[in-house]
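Asks:
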Amino acid sequence: MTQWQPGMIITAGRLNDGLDPVTTASGATAATNFALVGFSGRRAGRQVTINFSVALSLADVYTNDIHADVRGNLADTALGTLPVGWRPPELVYCVIGDGFGSGECFISTTGVITVRSWNNDDGSTPSAANRRGIVVGRNLRVTAAWLADS
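Written out as structure tokens, the structure is:
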């Protein structure tokens with residue numbers, strides 16, 4: 002790591018702190034009734050960033066969607082698990098979205114990603130017509146970042 006001293010000139014070599022990023026795109030798993038769409042992780046030093054995407058994989062009928070109540074609450078629902086080495090050192094809260102709605106989720110220290118609330122962007126109430134909630138076939142995307150212990 003560069004030890005900055007008064008009068009030093011900023012150069013590309015000095016800005017490179019020697020931390021080669023580590024990346025992965027494997028090892029994540031989807032929970033029951035979900036299909037893994039994609040996963041990627043990037044670590045540079047202690048900074049960890051993940052992108053995780055799943056889709057509800059049941060038959061495409063309204064009764065199989067996971068419905069939120071009028072306040073956006075839904076039963077905590079596990080979406081999948083991050084691979085060992087790509088899990089946060091403490092509970093991490095993050096956002097989730099599918100392009101039609103968004104919600105809150107959390108990632109536990111065991112790597113389980115759980116969605117806990119959902120709201121359609123239009124604020125509508127649940128019905129077969131507007132399909133409020135987590136809908137079969139839509140990709141749910143989670144992005145999160147944290148500092149690893151080491």
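Residue numbers (our numbering): 2 to 151. Built from N, CA and C at the ideal position, the CB exists for glycine as well. What you are looking at is a predicted structure, and each value in this text was computed from that prediction instead of being measured.
#1: For residue 49, count neighbouring C-beta atoms within 10 Å of its own C-beta (all shown protein chains included) and say buried if the count is 16 or more, exposed if not.
#2: Are the CB atoms of residue 102 and residue 121 nearer to each other than 8 Å?
#3: Are the region 35–42 and the region 102–119 touching by the rule of at least three beta carbon pairs closer than 8 Å?
#4: What three-state label does DSSP hand residue 42 in the structure shown?
#5: With DSSP collapsed to three states, give me the class of residue 31.
#6: For residue 85, is the classification buried or exposed, using 16 other Cβ atoms within 10 angstroms of its Cβ as the cut-off for buried?
#7: Should residue 115 be counted as a contact of the ligand NAP given a C-beta to heavy atom distance under 7 Å?
#8: Would you tell me roughly how many angstroms separate the C-alpha atoms of residue 115 and residue 143, rounded to the nearest one?
#9: For my contact list, residue 92 and residue 29 are in at a C-beta cut-off of 8 Å; report their separation, rounded to the angstrom.
#10: For residue 13, name the three-state secondary structure that DSSP assigns.
#11: Quick one: give me the first and last residue of the beta strand (DSSP E) that residue 79 is part of.
Replies: To lay it out plainly:
#1: buried
#2: yes
#3: no
#4: strand
#5: strand
#6: exposed
#7: What this structure holds is no ligand at all, so the ligand NAP is not there to describe.
#8: 10 Å
#9: No, residue 92 and residue 29 are not in contact; Cβ-Cβ is about 18 Å, not under 8 Å.
#10: helix
#11: 74–82
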